[in-house]
Amino acid sequence: MKEIKVGLIGFGTVGTGLAEVLLSQRERLIRRTGMSIRLAAIADRSVQTLPERFRDIPLTTDGMELVDNPELDIIVELIGGIEPAKTLVMRAIAAGKHVVTANKALLSQEGADIFAAAAQKGVEVGFEASVGGGIPVIKALKEGLVANKILSIMGIVNGTANYILTRMTDEGAPFAEVLKDAQKLGFAEADPTYDIEGIDTAHKLAILMTIAYGTPITHKQIATEGIAQIEPMDIELAREFGCRIKLLAISRNHGDHVEARVHPTMVPQSHLLASISGAFNAIHFQGDTVGNVLLYGLGAGMVPTGSAVAADVVDIARNIASGSVGRVPALSYLPGHMQPRRITPMDELYGPYYFRCTVLDQPGVLALVSGILAKHEISIESVIQKGRKEIGAVPLVVVTHSAKESAIHAALGEIGRLDCVTGPVVKIRILEEE
Numbered sequence: 001m002k003e004i005k006v007g008l009i010g011f012g013t014v015g016t017g018l019a020e021v022l023l024s025q026r027e028r029l030i031r032r033t034g035m036s037i038r039l040a041a042i043a044d045r046s047v048q049t050l051p052e053r054f055r056d057i058p059l060t061t062d063g064m065e066l067v068d069n070p071e072l073d074i075i076v077e078l079i080g081g082i083e084p085a086k087t088l089v090m091r092a093i094a095a096g097k098h099v100v101t102a103n104k105a106l107l108s109q110e111g112a113d114i115f116a117a118a119a120q121k122g123v124e125v126g127f128e129a130s131v132g133g134g135i136p137v138i139k140a141l142k143e144g145l146v147a148n149k150i151l152s153i154m155g156i157v158n159g160t161a162n163y164i165l166t167r168m169t170d171e172g173a174p175f176a177e178v179l180k181d182a183q184k185l186g187f188a189e190a191d192p193t194y195d196i197e198g199i200d201t202a203h204k205l206a207i208l209m210t211i212a213y214g215t216p217i218t219h220k221q222i223a224t225e226g227i228a229q230i231e232p233m234d235i236e237l238a239r240e241f242g243c244r245i246k247l248l249a250i251s252r253n254h255g256d257h258v259e260a261r262v263h264p265t266m267v268p269q270s271h272l273l274a275s276i277s278g279a280f281n282a283i284h285f286q287g288d289t290v291g292n293v294l295l296y297g298l299g300a301g302m303v304p305t306g307s308a309v310a311a312d313v314v315d316i317a318r319n320i321a322s323g324s325v326g327r328v329p330a331l332s333y334l335p336g337h338m339q340p341r342r343i344t345p346m347d348e349l350y351g352p353y354y355f356r357c358t359v360l361d362q363p364g365v366l367a368l369v370s371g372i373l374a375k376h377e378i379s380i381e382s383v384i385q386k387g388r389k390e391i392g393a394v395p396l397v398v399v400t401h402s403a404k405e406s407a408i409h410a411a412l413g414e415i416g417r418l419d420c421v422t423g424p425v426v427k428i429r430i431l432e433e434e
């Protein structure tokens with residue numbers, strides 16, 4: 001029986017999950033592949049001893065020992081971040097080793113170098129776990145939807161942000177309180193910036209867009225907004241408008257240009273994504289031949305993400321055994337057919353908007369606001385004025401018909417400078433169902 005030896009760099013949550021999956025599913029994998037896929041070495045700077053069930057696996061603090069070990073066939077990088085992850089991955093590729101990673105930040109920033117080096121060396125790079133945790137979204141996009149022109153990508157791909165917004169929706173709790181609870185429960189990191197500011201979501205959208213469109217893109221090209229400004233009042237008003245607020249990754253394919261954006265969005269309750277709650281993820285694709293496809297599942301966690309990493313390991317093991325390494329291009333498109341495309345500027349986009357501001361409770365305020373909107377050719381669909389939060393000040397809420405982003409930006413800037421406006425203007429885009 002052929003044996004495939006795997007080296008694991010990073011024995012944290014996901015690394016432990018991979019080890020558990022390879023151990024618990026060993027016999028099943030033999031029956032499905034005809035091979036023994038064995039975790040043969042582990043490297044982690046902070047782990048002194050392994051759990052009893054893994055004690056027969058050699059442990060080191062130096063990842064380079066695994067990269068330079070000629071007996072290992074596949075290196076799994078699960079340490080995260082850019083360095084030393086990139087150095088380890090590039091050195092493994094140079095040594096002729098196949099690589100598996102869950103590192104979305106690394107791939108969305110440095111993927112061009114990594115995939116070019118792998119193609120030149122004739123080795124595989126697997127990264128299923130980089131988007132969607134245990135959901136097989138990368139494989140579906142690369143293989144299951146290969147005969148489709150992808151018309152749009154839309155998804156909830158950050159479980160922390162979705163957990164926070166779900167709690168705020170279900171309980172009416174303020175953002176800061178829910179974030180603190182999420183950190184205590186382990187849903188959010190001590191420094192939650194990447195999750196709540198949308199950066200993690202942008203990393204994942206960059207990976208999906210690169211595969212879907214054959215267009216190299218980094219997260220820095222994606223317009224990104226987070227959820228920290230969302231208040232319980234916005235959540236409640238969204239409910240009144242028949243919507244739920246979600247942090248969405250959105251891309252639409254316009255042929256010569258593509259949208260690329262991450263921001264809080266009011267999603268109509270009739271839409272598939274509105275019902276995705278807690279730490280779950282969902283990714284919606286629209287293909288020109290298949291139509292609408294929704295993939296749903298746990299977007300994080302030790303065993304679900306370990307399952308996705310194991311799937312890459314098995315795919316590569318099968319390719320090694322059959323002599324078919326490189327059968328599926330890492331990014332779906334052949335390297336020579338990757339073409340840059342213009343990213344649609346946010347100012348060119350159209351859609352309906354919700355905005356809320358706190359104004360002095362005095363005659364003429366609504367006339368001033370509506371006059372500014374009219375000047376910028378923005379049509380009002382509805383206006384709500386709630387009861388006073390404090391003496392002399394009231395929240396004013398406006399929902400617009402479809403308007404150009406540049407016009408909304410200019411109008412809200414002007415409204416925010418009015419003497420009668422006493423606080424910042426909160427803007428949330430509303431998803432139009434297609």
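Here the numbering used here is used: the first residue of the sequence shown is 1, the next is one more, and so on. Built from N, CA and C at the ideal position, the CB exists for glycine as well. Bear in mind that the values here come from a model prediction, so they are computed numbers and not experimental data.
Between the alpha carbons of residue i and residue j, how many angstroms are there, rounded?
| i | j | result |
| --- | --- | --- |
| Ala212 | Pro136 | 15 Å |
| Glu52 | Leu39 | 15 Å |
| His337 | Gly214 | 7 Å |
| Met64 | Met35 | 26 Å |
| Leu59 | Leu78 | 15 Å |
| Pro352 | Ala260 | 18 Å |
| Leu66 | Lys149 | 40 Å |
| Val303 | Val14 | 7 Å |
| Leu185 | Asp312 | 29 Å |
| Val383 | Val421 | 16 Å |
| Asp62 | Leu208 | 32 Å |
| Glu206 | Ile408 | First, the amino acid is wrong: residue 206 is Ala here, not Glu. Distance between the alpha carbons of Ala206 and Ile408 is about 26 Å. |
| Gly306 | Tyr350 | 40 Å |
| Ile320 | Gly80 | 26 Å |
| Leu18 | Ala300 | 13 Å |
| Ala102 | Ser379 | 45 Å |
| Leu88 | Ser324 | 25 Å |
| Leu8 | Gly242 | 47 Å |
| Asn281 | Glu71 | 37 Å |
| Gly326 | Glu231 | 49 Å |
| Lys121 | Val99 | 12 Å |
Can you tell me which of the options puts its alpha carbon nearest to the alpha carbon of residue i?
| i | options | result |
| --- | --- | --- |
| Ile372 | Val394, Met346, Gly416, Tyr354 | Gly416 |
| Glu189 | Ala173, Leu88, Tyr353, Ile164 | Ile164 |
| Ser370 | Thr344, Ala393, Val398 | Val398 |
| Pro268 | Thr49, Ile430, Ala94 | Ile430 |
| Ala410 | Lys375, Lys5, Arg28, Gly297 | Lys375 |
| Leu129 | Tyr354, Ile37, Ala147, His203 | The question names Leu, but residue 129 is Ala in the sequence shown. Ranking Tyr354, Ile37, Ala147, His203 by Cα distance to Ala129 puts His203 first. |
| Gly297 | Gly323, Thr289, Leu23, His284 | His284 |
| Ala274 | Thr166, Asn103, Gly301 | Thr166 |
| Phe127 | Pro70, Asp191, Ile138 | Ile138 |
| Ile250 | Met233, Val125, Thr224, Arg244 | Thr224 |
| Asp234 | Thr169, Pro192, Gln221 | Thr169 |
| Pro329 | Glu124, Leu18, Val21, Leu179 | Glu124 |
| Arg26 | His401, Tyr333, Asp256, Ala310 | Ala310 |
| Leu331 | Ala161, Pro216, Pro174, Ala308 | Pro216 |
Enumerate in chain order the residues of its own chain whose CB-to-CB distance from residue i is below 8 Å, with the five nearest sequence positions on each side excluded.
| i | result |
| --- | --- |
| Ile82 | Ala105, Leu106, Gln109, Glu110 |
| Met90 | Asp113, Ile114, Ala117 |
| Ala317 | Ile4, Thr33, Met35, Ile37, Asp73, Ile74 |
| Val425 | Phe355, Arg356, Cys357, Leu412, Ile415, Gly416 |
Under 6 Å Cβ to Cβ from residue i, same chain only, skipping five residues before and after it: list those, please.
| i | result |
| --- | --- |
| Glu240 | none |
| Asp347 | Glu405, Ser406 |
Using a Cβ-Cβ cut-off of 7 Å (strictly less than) and excluding sequence neighbours within five positions of residue i, which residues of its own chain qualify?
| i | result |
| --- | --- |
| Ile30 | Ser36 |
| Thr289 | Ala147, Asn148 |
| Tyr194 | Asp200 |
**Q.** Residue ranges of each beta strand (DSSP E) within the region 71-136, 3 or longer
**A.** Counting only runs of 3 or more, we get 74-77, 98-101.
Q | Complete alpha helix (DSSP H) runs within the region 391-432 (minimum length 4 residues, chain order) | A | Runs found: 405-416.
Q: Give, in chain order, every unbroken run of the beta strand (DSSP E) that is at least 3 residues long and sits entirely within the region 137-187.
A: Listed in chain order, they are 150-156.
(Q) Suppose only complete runs of 4+ residues qualify. What are the alpha helix (DSSP H) ranges in the region 180-237, listed by chain order? (A) With a minimum length of 4 residues, the continuous alpha helix (DSSP H) runs that stay inside the region 180-237 are 193-196, 199-213.
**Q.** Unbroken stretches of the alpha helix (DSSP H), 4 residues or longer, contained in the region 288-367
**A.** Restricting attention to alpha helix (DSSP H) runs no shorter than 4 residues, the region 288-367 encloses them at 302-322, ordered along the chain.
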